[in-house]
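Scroll down for the structure; my scribbles are underneath it.
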Amino acid sequence: MKKQNKTLIILIAIGVVIFAGYEGFGWKKYVKPLMETGFPSELGNPVSKSDKSEVEVKAEAWQVVEEYLGYAKAHDLEGIKKLTYTLSETCTDESKREECYELMDSVYNIISIFKSTDFKHVLWNDRKITLFTDYKDGTRTALYFIKDNNALKIAGMKFCFGDNSIPDECSSL
Numbered sequence: 001m002k003k004q005n006k007t008l009i010i011l012i013a014i015g016v017v018i019f020a021g022y023e024g025f026g027w028k029k030y031v032k033p034l035m036e037t038g039f040p041s042e043l044g045n046p047v048s049k050s051d052k053s054e055v056e057v058k059a060e061a062w063q064v065v066e067e068y069l070g071y072a073k074a075h076d077l078e079g080i081k082k083l084t085y086t087l088s089e090t091c092t093d094e095s096k097r098e099e100c101y102e103l104m105d106s107v108y109n110i111i112s113i114f115k116s117t118d119f120k121h122v123l124w125n126d127r128k129i130t131l132f133t134d135y136k137d138g139t140r141t142a143l144y145f146i147k148d149n150n151a152l153k154i155a156g157m158k159f160c161f162g163d164n165s166i167p168d169e170c171s172s173l
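Just so we're aligned: the sequence shown equals residues 1 to 173 in UniProt numbering.
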């Protein structure tokens, strides 16, 4: 009987922590961001508001990546401007054109090592798309896109460090 009482007390305590919102255990800092930004794509995509499938969304985003890489390799600043949500200050300054080209080369060298199949996870809504990889050697990579005047543009790239034990910035919109 005492063993059953201990089990019951433990279950009640867990229920209070989970359902009553007791913040002393720190659970809210992990759950709240997921509720606001969405869950990893293996859990579905509750933030999605479009009719497109995950495959279609990923293909659309990856097409932008491929175009961007072509423009970066060719040092085509006008092409980069069409596909970039916010152009770096280096590339907006005419006097820093060579530095801009070096930046394009760096971006090309980093992103070109990836294939679309590396990005196994996709989150999206009507305005944003995030593609992100699985963790490999403690690192995950995310590519962010924003729809601007109905055109999909690259908004950034981020590397996150950790493992799958807690949500990270790479696995959010």
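Positions of the beta carbon are idealized from the N, C-alpha and C atoms, including for glycine.
Cβ-Cβ distance between residue 130 and residue 173 below 8 Å = yes
Using 10 angstroms around the beta-carbon of residue 83, count the other beta-carbons present and answer buried if the total reaches 16, otherwise exposed.
-> buried
For the alpha helix (DSSP H) that contains residue 69, what are its first and last residues?
-> 54–73
Bridge partners - residue 160, DSSP secondary structure assignment = 140
Of the residues 54, 99, 94 and 61, which one's Cα is nearest the Cα of residue 150?
-> 61
Please check the pair residue 111 and residue 157, which I expect to be a contact at CB under 8 Å, by giving their CB distance rounded to whole angstroms.
-> 7 Å
Between which two residues does the beta strand (DSSP E) harbouring residue 130 extend?
-> 128–132
CB residue 122 to CB residue 54, shorter than 8 Å?
-> yes
Selected residue, minimal CA-CA separation from residue 138, among 163, 120, 75 and 102 | 163
Figure out for me which residue from 56, 52, 98 and 152 has the closest Cα to the Cα of residue 81.
-> 152
Does DSSP classify residue 148 as helix, strand or coil?
-> strand
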